[in-house]
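Below: the structure, in structure tokens.
Number of protein chains: 2
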Amino acid sequence: MSDDSDAEPQRSVPTRRRSPGGAPTIYDIAELTGVNPSTVSRALGKPGRVSAKTEAKIRAAAAQLNFRVNPMARALPTGRTHTLALIVADITNPLFFRLVRGAELAATGAGYALVIAESQESGDAEADVIEQIMPSVDGIVLATTRLSPERIAEIASRKPLVVVNREVVGVTAVVPGVERGTQALVSHLYEMGHRSIAYLSGPVTSWMSERRWTIILEAAEALGIAAVEIGPASPTLSGGREALRRVIASRATAVVAFNDLMAMGLMQAAAEAAVVVPDELSVAGFDDIFGSELISPALTTVRAPLVEMGQRAVVGVLAAVSSEDDAVSEDMPALTTELIVRGSTGHAPGGPFSS
Amino acid sequence: MSDDSDAEPQRSVPTRRRSPGGAPTIYDIAELTGVNPSTVSRALGKPGRVSAKTEAKIRAAAAQLNFRVNPMARALPTGRTHTLALIVADITNPLFFRLVRGAELAATGAGYALVIAESQESGDAEADVIEQIMPSVDGIVLATTRLSPERIAEIASRKPLVVVNREVVGVTAVVPGVERGTQALVSHLYEMGHRSIAYLSGPVTSWMSERRWTIILEAAEALGIAAVEIGPASPTLSGGREALRRVIASRATAVVAFNDLMAMGLMQAAAEAAVVVPDELSVAGFDDIFGSELISPALTTVRAPLVEMGQRAVVGVLAAVSSEDDAVSEDMPALTTELIVRGSTGHAPGGPFSS
DNA sequence: CTGAAAGCGCTTACAG
DNA sequence: CTGAAAGCGCTTACAG
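Line by line, the protein sequences give chains U and P. Each residue of the first sequence is one higher than the last, beginning at 1 in full-length UniProt numbering. Each residue of the second sequence is one higher than the last, beginning at 1 in full-length UniProt numbering.
See below:
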């Protein structure tokens with residue numbers, strides 16, 4: 001009686017998909033193994049919640065079907081997307097490469113995907129980008145400079161957030177100790193005979209630029225030498241280039257730029273203006289980005305542990321994500337900075353060692 | 001009778017959330033405006049499907065509640081995540097900065113998020129990463145070198161995919177025309193008196209490395225000069241450094257590296273070995289990455305339009321995503337490469353112009 | 001240990 | 001133009 005036109009309506013078995021998207025679901029596995037979908041879910045989730053035998057069957061079926069849990073479907077009931085956002089100001093700034101790599105490593109290692117978004121050095125864009133990405137992620141690493149502390153605190157109240165290279169009250173921060181490297185830099189310049197140092201600052205909104213200047217100022221005061229702040233300027237090659245004139249006018253014999261990019265711009269402009277580095281002007285930067293070693297003379301810089309900073313920022317976010325506890329206590333050893341002396345700094349002109 | 005212990009059980013009104021996550025939902029808007037949630041969904045989706053009046057009310061309420069559609073929830077019924085993946089081999093290779101920026105621009109401009117994943121120059125990792133990210137994205141841009149054409153074609157059969165800097169039958173590719181810049185480079189070297197050129201190749205699996213070598217070989221043959229391939233080598237600074245010995249041994253007077261990073265490594269090693277560039281050895285690379293201009297002497301290179309390539313790759317994926325049509329026809333003007341002559345190439349030693 | 005049910009927040013035929 | 005319902009693929013109390 002295999003008659004298709006049987007009067008009796010076929011019992012409507014709720015044949016769950018084999019979805020058009022093609023991807024197998026837990027229903028396929030359930031069908032294949034003869035268990036309930038919820039059992040499949042349990043077996044594939046935390047182990048030990050299902051008999052070893054059933055679990056083995058289910059895992060085998062999952063493997064056979066090449067099953068992957070649908071992250072979207074999982075995110076809905078759990079509220080967990082297993083995705084983190086890293087917001088940077090400018091993707092093309094080499095500073096971010098190592099930071100991104102560190103964050104990537106830590107995120108991937110924990111089974112999280114990392115969405116990288118760029119705020120294009122604009123405060124409004126920054127806020128928009130964050131607002132837009134927020135619902136898709138479990139937490140955020142913020143490595144930008146334009147947002148106000150109030151906005152940041154507000155975002156932190158909504159999602160786990162870690163800021164990099166700045167401090168905001170009540171928000172977890174990953175900031176290397178700048179003192180060590182920076183003081184070493186000023187001492188180094190002092191020993192080379194410099195008695196007047198210019199600091200070329202970055203964006204006004206940059207907490208880190210402010211911080212670096214403060215330390216330079218204090219170190220200069222302690223040594224009894226002159227220090228002057230020039231800027232603010234764009235934290236880019238051109239920001240550095242455009243500042244050369246003011247640096248020269250300051251009569252400082254050494255200039256420390258907010259970052260390596262600016263320092264390099266300064267050196268390029270100096271070369272074009274036939275100002276010899278370091279004989280006539282010593283130049284130093286911060287971060288030790290790719291290229292610092294390549295430029296000629298190679299750039300003296302205060303190196304930051306960027307890869308580790310990226311990793312740590314992600315670890316911090318993840319800790320907040322899982323503990324759901326707002327109180328994120330940090331017990332990790334302090335991150336610090338280190339002076340790398342290269343050819344761009346030398347004896348002060350007119351001093352006892354000058355040629 | 002406001003007695004809590006009222007015997008009559010309270011009618012369980014299905015009070016829809018005001019979710020713990022805090023984010024407002026379309027149910028909140030529906031409640032606030034007195035319409036059905038489905039109407040809210042329609043009003044906020046494609047316009048014109050709801051009366052202007054209702055839509056206005058709904059939009060006002062949405063704005064008031066600061067509503068953002070939950071991308072996960074939307075992805076489930078639609079299958080669209082509004083997220084794209086960009087897979088790169090090595091995030092710290094400056095080559096990718098401009099590519100990433102272009103991709104970012106195009107994606108963000110289209111309302112898509114971009115997930116960046118790194119495959120760490122390993123074929124297995126590459127496959128894993130892709131497999132893992134697949135369910136979360138609507139399409140993929142692949143800028144890696146390790147995957148076999150078969151694997152790539154297989155992936156392309158499952159999701160919209162665009163490959164960058166390589167060609168795979170049946171898969172949309174964004175590849176700049178290498179001929180122009182490369183031929184110009186060989187001509188330039190020829191005119192400088194070079195009669196023997198070495199090509200330092202990248203990974204064996206690199207389609208683009210092969211392609212560049214082919215063109216150099218053909219150009220050299222056409223000019224009647226010698227060309228030799230050295231390698232394969234790692235597409236990194238150290239890959240370049242380690243190859244110097246073999247380059248010298250080849251007696252070629254000019255070396256063209258697979259990419260700028262390798263060319264720079266070669267120059268660093270040359271400097272350490274007191275081999276003067278370009279007087280004793282001319283060096284050139286590909287891509288014109290950040291740093292090429294900074295190294296001394298500055299690097300002669302064949303520049304690729306990386307930002308535009310990134311944009312175009314995303315546009316290509318998006319086209320496939322929306323047309324759902326496998327036949328992606330490309331009508332865009334060809335992308336091309338351009339020779340940038342800088343200081344690292346000069347007259348061949350021993351030639352009529354040599355010092 | 002396992003099944004049945006409800007729900008995550010949205011979309012989309014299906015009626016009207 | 002709008003409402004009611006079903007469903008996307010998963011998770012997780014609730015029973016047993």
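Beta carbons are placed, not taken as given, at the ideal position from N, Cα and C, and that holds for glycine.
Of the other Cβ atoms in all chains shown, fewer than 16 fall within 10 Å of the Cβ of Asn36 of chain P; this residue is therefore exposed. Short of 7 Å from the beta carbon of Val315 of chain P, and not among the five residues preceding or following it, lie these beta carbons of its own chain, in chain order: Ala106. Look at Arg59 of chain P here: in three-state DSSP terms it is helix. Here DSSP, grouped into helix, strand and coil, assigns Val314 of chain P to helix. Rounded to whole angstroms, the Cβ separation of Ser201 of chain U and Ala233 of chain U is 7 Å, and the two are in contact under 8 Å.
Counting every other CB atom within 10 Å of its CB across the protein chains shown gives Gly265 of chain U a total of 16 or more, marking it as buried. Residue environment for Ala252 of chain P: buried (at least 16 other C-beta atoms within 10 angstroms of its C-beta). Judged by pairs of C-beta atoms under 8 Å, the segment 278-298 of chain U touches the segment 283-300 of chain P, as three or more such pairs exist.
Using a C-beta cut-off of 8 Å, the segment 87-98 of chain P makes no contact with the segment 161-172 of chain U, since fewer than three inter-stretch Cβ pairs fall below that distance. Under DSSP, the beta-bridge partners assigned to Thr301 of chain U are U:Gly285, U:Ile340.
Interface with chain U (8 Å Cβ-Cβ cutoff): Leu266 of chain P is excluded. Within the segment 228-302 of chain U, the complete alpha helix (DSSP H) segments at least 4 residues long are 237-250, 260-272, listed from N- to C-terminus.
The beta carbon of Arg241 of chain U sits closer than 8 Å to the beta carbons of Gly265, Leu266, Gln268, Ala269 from its chain, once the five residues preceding and following it are set aside; these are given in chain order. With the criterion set as a beta carbon lying under 8 Å from some beta carbon of chain U, the members of the segment 99-123 of chain P are Val100, Arg101, Glu104, Thr108, Ala113, Leu114, Val115, Ile116, Ala117, Glu118, in sequence order.
When 7 Å is used as the limit between beta carbons, Pro135 of chain P is near these residues of chain U: Ala23, Arg68, Asn70, Pro71, in chain order. When the Cα atoms are used, Glu280 of chain U and Gly343 of chain U turn out to be separated by approximately 13 Å. Excluding sequence positions up to five before and after Gln64 of chain U, its CB lies within less than 8 Å of the CB of Leu32, all in the same chain and listed in chain order.
When secondary structure is reduced to three states using DSSP, Val141 of chain P falls in the strand class.
With fewer than 16 other Cβ atoms from the protein chains shown falling within 10 Å of its own Cβ, Pro77 of chain U counts as exposed.
Bounds of the alpha helix (DSSP H) holding Val40 of chain P are 37-44. Closest in alpha carbon position to Val169 of chain P, among P:Val186, P:Glu150, P:Val178, is P:Glu150.
Annotated as distal: Ala263 of chain P and Ala243 of chain P, with beta-carbon spacing of 8 Å or more. Taking 8 Å as the CB threshold, Ile87 of chain U stays off the interface with chain P. Assigned with DSSP and collapsed to three states, Thr172 of chain U falls in strand. Spanning the alpha carbons of Pro349 of chain P and Ala249 of chain P requires a straight line of approximately 15 Å. Among the residues facing chain P, Phe290 of chain U is included, as its CB has a counterpart in that chain under 8 Å away. Against chain U, the CB of Arg158 of chain P has a partner CB under 8 Å away; the residue lies at that interface. In the three-state reduction of the DSSP assignment, Val69 of chain P falls in the coil class. Ranked by how close their Cα comes to the Cα of Ala60 of chain U, the residues U:Lys46, U:Ala30, U:Gly310 have U:Ala30 in first place.
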